[in-house]
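J.:
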Amino acid sequence: MADQQLPDSIELTDPRALRAYAHPTRLALVGLLRREGPMTATRAADAIGESVASCSFHLRQLAKYGLVEEAGGGRGREKPWRATAMVTTWEVGSPDPAATEALELAVAERYFELMARWIQTRAEEPAVWQEAARFGDTVLPLTAAELRDLGVKLQELMRPYLERIDDPSKRPAHARPVALLQLAFPVDTTGRSTE
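Numbering follows my numbering, in which position 30 of the sequence shown is assigned residue number 200; successive positions increment by one, without gaps.
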């Protein structure tokens, strides 16, 4: 899942960090801090529907692996935390494939929940957002090299928008966080090819 030249990113290489991040509450906390900025465990608990004690514990665990840090000020559960980077990456070929698989499955489940929530609440959204959102798939006959090339081209198309992650002043007034999922994998696992 590692990508070239993403802004403000952290790469997880330690299998323990991969396993630590592969927890629904931790994924939700990092995502929340990235979207909303620094906040206390109390505010985070209200935002994601967890207990303050649970959020406080998970924030400390995330801090052990460099994914969050104290933002300064406050005391105890009232100290604010912030994400250390706007993007998390990891290599598919890690020394512990089970750790990578656990994290990727947790991320897939998280995005499935977010997608299901969008589908369930879409009718309440303004028409302009309902029409702009995308849902669909295309199965393309590609070689591994073409798939890699397509990923590079998609990254280039996203580059101007990625710059907004680090610099909120570059975001238009009505911009909202939008999940753009990049899923590209062979669907025919019986037709394996080395090329």
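Even glycine gets a Cβ: it sits at the ideal position worked out from N, Cα and C. Keep in mind it's a predicted model, so treat the numbers as computed, not measured.
Quick one: which unbroken alpha helix (DSSP H) runs of 4-plus residues sit fully inside the stretch 211-262? Chain order, please.
T.: 211-218, 222-234
J.: Is there contact here, the stretch 289-298 with the stretch 210-226, by at least three beta-carbon pairs under 8 angstroms?
T.: no
J.: When the Cα atoms are used, what is the spatial distance from Ala278 to Thr313?
T.: 24 angstroms
J.: I'd like the span of the beta strand (DSSP E) that includes Leu182, first residue to last.
T.: 179-182
J.: Would you mind sorting Val165 into buried or exposed? The rule is 16 or more other CB atoms within 10 Å of its CB.
T.: Given a span of 171 to 365 for the chain in the structure shown, any question on residue 165 remains unanswerable.
J.: Buried or exposed: where does Leu237 fall if 16 or more other Cβ atoms within 10 Å of its Cβ makes it buried?
T.: buried
J.: Give me whichever residues DSSP pairs with Met209 in a beta bridge.
T.: Trp251
J.: Does DSSP put Asp336 in a helix, in a strand, or in coil?
T.: helix
J.: Let me know the secondary structure DSSP gives Leu203 once reduced to three states.
T.: helix
J.: What three-state label does DSSP hand Val348 in the structure shown?
T.: coil
J.: When the Cα of Arg230 is compared with those of Arg252, Ile218, Asp307, Glu261, which residue comes out closest?
T.: Arg252
J.: Please classify Tyr191: is it buried, with 16 or more other beta-carbons within 10 angstroms of its beta-carbon, or exposed?
T.: buried
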